[in-house]
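Residue numbers (full-length UniProt numbering): 1 to 171.
Below you can see the structure in the form of structure tokens.
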């Protein structure tokens, strides 16, 4: 599984990214953001973001399953690159963040553990679960700060979405 990272974007950077869709310069700007973005405006999701995303969607095979705001937590509401092309670049508009933050508030440790048992059976360790729970808490705080500052969010990952959500994976 590949690394994932969230970045809180100001309006100007958001517009620059949107303007570069279908341009070879898009990945140059993405690389610049990944290399230079302020640590207080980013959240490393490491390799556990796909499992948390599956918990939020409740699905092994559909990245847009579950409640609309929750499935946008990592994959946003628009792709800037083909998510099956080897590098995911997704945006979540600032006007969608409040709904996502509201949806992220109720899921607690018991809910997350229930989702893990349903989706992953007993095929995980306590340490793995603790890391996933910490990522959920960190994502809530990241989105809270993004909402307060009026930012939109960029998500990047060196993943192929179809590898994470393979058709026919068990539900």
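Using N, Cα and C, we set each Cβ at its ideal position, and we do this for glycine too.
Residue i versus residue j: straight-line alpha-carbon distance, rounded
i: residue 158; j: residue 88; result: 6 Å
i: residue 96; j: residue 153; result: 10 Å
i: residue 104; j: residue 140; result: 6 Å
i: residue 15; j: residue 155; result: 15 Å
i: residue 66; j: residue 36; result: 34 Å
i: residue 160; j: residue 131; result: 22 Å
i: residue 64; j: residue 71; result: 5 Å
i: residue 84; j: residue 149; result: 31 Å
i: residue 30; j: residue 47; result: 19 Å
i: residue 18; j: residue 146; result: 19 Å
i: residue 173; j: residue 98; result: Outside the shown range of the chain (1 to 171) lies residue 173, about which nothing can therefore be said.
First and last residue of the uninterrupted beta strand (DSSP E) at residue i
i: residue 61; result: Looking at the DSSP string, residue 61 is not in any beta strand (DSSP E), and its letter there is neither H nor E.
i: residue 156; result: 152-157
For residue i, the nearest candidate out of the options (CA to CA)
i: residue 43; options: 19, 143 and 119; result: 143
i: residue 3; options: 126, 150, 49 and 82; result: 49
i: residue 39; options: 135, 66 and 8; result: 8
i: residue 109; options: 126, 78, 94 and 10; result: 126
i: residue 172; options: 100, 147, 121 and 137; result: The question about residue 172 has no answer, for the chain in this structure spans 1 to 171.
Extent of the continuous alpha helix (DSSP H) to which residue i belongs
i: residue 68; result: 68-75
i: residue 162; result: 161-164
i: residue 124; result: Where residue 124 is concerned, there is no enclosing alpha helix (DSSP H), given that its DSSP letter is neither H nor E.
Min CB distance residue i to chain C below 9 Å
i: residue 103; result: The structure shown contains no chain C; it is built from a single protein chain.
Segments of 4+ residues assigned as alpha helix (DSSP H) that fall wholly inside the region 4-61: 11-19, 26-36 and 49-57
Stretch pair the region 53-61 + the region 15-28: three plus CB contacts closer than 8 Å: no
Sequence ranges, alpha helix (DSSP H) only - wholly within the region 75-116, length at least 4: 97-104
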